[in-house]
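Peer 1: In UniProt numbering, the protein residues as written are 1 to 256.
Beta carbons: idealized from backbone N, C-alpha and C, even for Gly.
#1: Less than 9 Å between the beta carbons of residue 229 and residue 127, yes or no?
#2: Using the C-alpha atoms, what's the distance from residue 22 back to residue 192?
#3: Find the nearest neighbour of residue 201 within the set 77, 224, 219 and 190, judged by alpha-carbon distance.
#4: Under a Cβ-count criterion, where at least 16 other Cβ atoms within 10 Å of its own Cβ denotes burial, should residue 130 be classed as buried or exposed?
#5: Give me the DSSP bridge partner(s) of residue 211.
#6: Could you tell me which of 98, 86, 69 and 141 sits nearest to residue 78, measuring between CA atoms?
#7: For a test of the three-state rule: what should DSSP assign to residue 181, helix, strand or coil?
#8: What residue range does the beta strand (DSSP E) around residue 105 cover?
#9: Closest to residue 41 by CA distance: which of 231, 13 and 56 is it?
#10: Does residue 62 come out as helix, strand or coil in the three-state DSSP assignment?
#11: DSSP puts residue 98 in a beta bridge; with which residues?
#12: Leaving out five residues on either side along the sequence, give the residues of the same chain with a beta carbon under 6 Å from the beta carbon of residue 213.
#13: Hey, could you find the ends of the alpha helix (DSSP H) residue 45 is sitting in?
#14: Restricting to Cα atoms, I'd like to know which of 26, 137, 95 and 222 is closest to residue 71.
#15: Closest to residue 187 by C-alpha separation, out of 145, 101, 50 and 62, would be which residue?
#16: List, from N- to C-terminal side, the beta strand (DSSP E) runs of 3 residues or more that fit wholly inside the region 88-175.
#17: How is the alpha helix (DSSP H) around residue 10 delimited, first residue to last?
#18: Answer yes or no: do residue 161 and residue 34 have a C-beta to C-beta separation smaller than 9 Å?
#19: With residue 236 as the anchor, note down where its beta strand (DSSP E) starts and where it stops.
#20: Output needed for residue 101: all residues of its chain with C-beta closer than 8 Å, excluding positions within five of it in sequence on either side, in chain order.
#21: At the level of alpha carbons, what is the spacing between residue 116 and residue 242?
#22: So for residue 188, helix, strand or coil by DSSP?
#23: Counting only the same chain and skipping the five closest in sequence on each side, list residues whose C-beta sits under 8 Å from that of residue 140.
#24: Could you tell me whether the Cβ atoms of residue 204 and residue 221 are closer together than 9 Å?
#25: Rounded to the nearest angstrom, what separates residue 137 and residue 164 at their Cα positions?
#26: What's the C-alpha gap between residue 120 and residue 175?
#27: If you draw a straight line from the alpha carbon of residue 26 to that of residue 20, how long is it in whole angstroms?
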C-alpha cells in the first residue's frame, strides 16, 4: 500500500476546520489527562465540569459547548455522586449521565462509549475516573501505555468529542510537574492535553491547575475550593501573564 501524501502547496491552500472546544481555550475535542494526588479534589472538579458543560454554562470565565456528558465514576457509588450533586448544584440536567461500571479498554469500553454517543446525539464530553480502572491487566511498559492511549485517542477523534482521563501523580518531586504523571511518558505524550492539579498545602483547599497541550497554550490557574466543594478561579496566567515572569514555560518535549 502506497503512502497517501499531500504536498506543501496543496496543504497551505486547503481550508481545514480548527479543533472544536468543549471549554473555550482549555478543553478541545480529543484525549486529555487530569492528574493529581489522591483526595486532592479531582473528582469534585470533573463532576462540576460535567454538570456545567451539560448545562452550557461557563467554566470559570470560559464558554462551554453544551451537550450530553458522560461521567464514568468508577470508584464511587451512586449515593456518593448524588450527595455530591446536592452540594455543587441546585439542578442537575438530564443531559449529564453517570455510570459506576464499564468494560476495560479493548474489552468493550470503546463500543460502550460509541453506543452511548449514538443513543445521545450531541455528546461532547466523556470523563473516565480513573484511568487505572479501565486499563487491562498487563505490564506497565511504554508500548502498553501507548497502545491504551492510542485506542482512546482514535475513539475521541472518530466520535468528535473530548475524553478526559483522571489519573494520579507520583509522590516524588520534579521540576516539571508533568514528569510526575504516573506511568511511562507514553501516557502524557499520546494525549492532546495534560492537566495537573496540585494543592498548595495538603488540606489547604487551594491548588494550581497547570495546563499544556497541542491545541492550547501553557497556562496556570490558581483555584480555591469553596464551602460547596466547587473549585473557584482566583487567577489565570492567560489573562495575567505577569504570573509566569521568570519561570520556564515552554514545555514542549512531549508535544513535538
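Peer 2: So, from the data block:
#1: Here the question's residue 229 lines up with position 229 in the chain shown. Here the question's residue 127 lines up with position 127 in the chain shown. Between residue 229 and residue 127, the CB-CB gap reaches or exceeds 9 Å.
#2: One-based indexing of the chain shown puts residue 192 at position 192. One-based indexing of the chain shown puts residue 22 at position 22. Near 13 Å, if we compare the C-alpha coordinates of residue 22 and residue 192.
#3: Taking the chain shown and counting its residues from 1, one reaches residue 201 at position 201. Of 77, 224, 219 and 190, the residue nearest in Cα terms is 224.
#4: Residue mapping note: residue 130 aligns to position 130 of the chain shown, counting from 1. Classification of residue 130: buried, given that the 10 Å Cβ count is 16 or more.
#5: Numbered from 1 along the chain shown, position 211 holds the residue referred to as residue 211. DSSP output for residue 211 lists 195 and 219 as bridge partner(s).
#6: The residue you call residue 78 lines up with position 78 of the chain shown. Selected option, being the one with the closest Cα: 98.
#7: Position 181 of the chain shown holds residue 181. Strand, per DSSP.
#8: The residue labelled residue 105 in the question sits at position 105 within the chain shown. No beta strand (DSSP E) holds residue 105; DSSP gives it neither H nor E.
#9: Working through the chain shown from its first residue, we reach residue 41 at position 41. When only C-alpha atoms are compared, the closest one is 231.
#10: To locate residue 62, count along the chain shown from 1; it is residue 62. Three-state DSSP puts residue 62 in a strand.
#11: Along the chain shown, one-based indexing puts residue 98 at 98. According to the DSSP secondary-structure assignment, residue 98 is paired through a beta bridge with 71.
#12: For the purposes of this step, residue 213 is taken as residue 213 along the chain shown, with counting starting at 1. For residue 213, where only same-chain residues beyond five positions count, the Cβ hits under 6 Å are 192 and 193.
#13: Mapped onto the chain shown, residue 45 falls at position 45. First-last of the alpha helix (DSSP H) with residue 45: 42-55.
#14: Here the question's residue 71 lines up with position 71 in the chain shown. Ranking the options by Cα distance to residue 71, first place goes to 95.
#15: Taking the chain shown and counting its residues from 1, one reaches residue 187 at position 187. For residue 187, the nearest C-alpha among the options comes from 145.
#16: The DSSP assignment places 96-99, 123-129 and 162-168 as complete runs of the beta strand (DSSP E) inside the region 88-175, in order along the chain (cut-off: 3 residues).
#17: Reading the chain shown from its first residue, position 10 is the one you call residue 10. Unbroken alpha helix (DSSP H) run through residue 10: 8-13.
#18: Residue 161 sits at position 161 when you count from the first residue of the chain shown. Residue 34 sits at position 34 when you count from the first residue of the chain shown. Against a cut-off of 9 Å, the Cβ pair of residue 34 and residue 161 comes out as no contact.
#19: Indexing the chain shown from 1 puts residue 236 at position 236. Counted as a single uninterrupted DSSP element, the beta strand (DSSP E) harbouring residue 236 occupies residues 231-236.
#20: In the chain shown, counting from the first residue as 1, residue 101 sits at position 101. Answer for residue 101: 74, listed in chain order.
#21: Your numbering for residue 116 matches position 116 in the chain shown. Your numbering for residue 242 matches position 242 in the chain shown. Taking the straight line from one Cα to the other gives about 43 Å.
#22: Taking the chain shown and counting its residues from 1, one reaches residue 188 at position 188. Residue state, collapsed to three classes: helix.
#23: Taking the chain shown and counting its residues from 1, one reaches residue 140 at position 140. 183 and 184.
#24: Your numbering for residue 204 matches position 204 in the chain shown. Your numbering for residue 221 matches position 221 in the chain shown. Their beta carbons are not under 9 Å apart, which means residue 204 does not touch residue 221 by this criterion.
#25: Position 137 of the chain shown, counting from 1, holds the residue named residue 137. Position 164 of the chain shown, counting from 1, holds the residue named residue 164. Residue 137 and residue 164: Cα-Cα distance of roughly 21 Å.
#26: As a first step, residue 120 is located in the chain shown; it is residue number 120 there, counting from the start. As a first step, residue 175 is located in the chain shown; it is residue number 175 there, counting from the start. So the two alpha carbons sit approximately 42 Å from each other.
#27: Here residue 26 corresponds to residue number 26 of the chain shown, with the count starting at 1. Here residue 20 corresponds to residue number 20 of the chain shown, with the count starting at 1. C-alpha separation (whole angstroms): 11 Å.
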